[in-house]
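Notes follow once the structure below has been shown.
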Amino acid sequence: ARGGMLVGSCLAGVSFLKGLGFVHAISHMIGAEFDTQHGLTNAIVLPTVLRYNLPSLEEKRHQMAHALNIKNKTSDGFIKEIEARLDRLNIPKSLSEIGVPFDCSGRIADKAMLDSAASTNPVAGDASDLRNLIEQAIKKAR
């Protein structure tokens, strides 16, 4: 068990070095302002950011689909399977379900752009893109 924890910790460290992207940048700021659980916030935001990122990440999408044993490797199929898994875990379908109001999207987007995780997103974007992603996740992330 200790060996497994060591490997898991090392893999987590490697993932932080590779970059966390918009999911974490958004979640950091929402958590700081609304005291939401970071992992839960990440899970809610994930499908919205995947829709933004995946169309331009074909090779990585195939690798992720293989690692997660997802048969349909298209962007749509990949996202639908991630959403189904989130549903099985009873993850809320929107940020509004955990108390995030719509009127915060611009403020959160501006702050998230300053988060170091935003610069590591695989697809470039600006505060306007982040605001749109946040608004989608507040209304209905999936």
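So the sequence shown is residues 2 to 143, counted in this note's numbering.
We put the CB at the ideal spot given by N, CA and C, even for glycine.
Burial state of residue i, where buried means 16 or more other Cβ atoms lie within 10 Å
i, result
"I116", "According to the sequence provided, residue 116 is Asp. The question's Ile does not apply to it. D116 should be labelled buried."
"G100", "exposed"
"H39", "exposed"
"S28", "buried"
Straight-line gap, residue i to residue j (C-alpha atoms, nearest Å)
i, j, result
"T49", "G9", "26 Å"
"I135", "K74", "26 Å"
"A119", "L47", "14 Å"
"N91", "E98", "12 Å"
"S76", "R62", "7 Å"
"R132", "L51", "15 Å"
"E34", "D88", "26 Å"
"L55", "I71", "14 Å"
"E84", "G4", "31 Å"
"S95", "E60", "29 Å"
"M32", "A26", "The amino acid at residue 32 is misidentified as Met; the sequence shows Gly. Using only the alpha carbons, I get a separation of about 10 Å."
"A151", "F23", "Residue 151 cannot be examined here, being either before or after the span of the chain that is shown, 2 to 143."
"N43", "M6", "22 Å"
Under the three-state DSSP convention, the category residue i falls into
i, result
"V24", "helix"
"K94", "coil"
"I71", "coil"
"D130", "helix"
"P123", "coil"
"T37", "coil"
"P102", "coil"
"L58", "coil"
Evaluate the contact criterion for the segment 56–75 versus the segment 100–109: three or more CB pairs, one atom per stretch, below 8 Å.
-> no
Counting Cβ pairs, one atom from each stretch, are 3 or more of them under 8 Å apart for the segment 118–132 and the segment 76–85?
-> no
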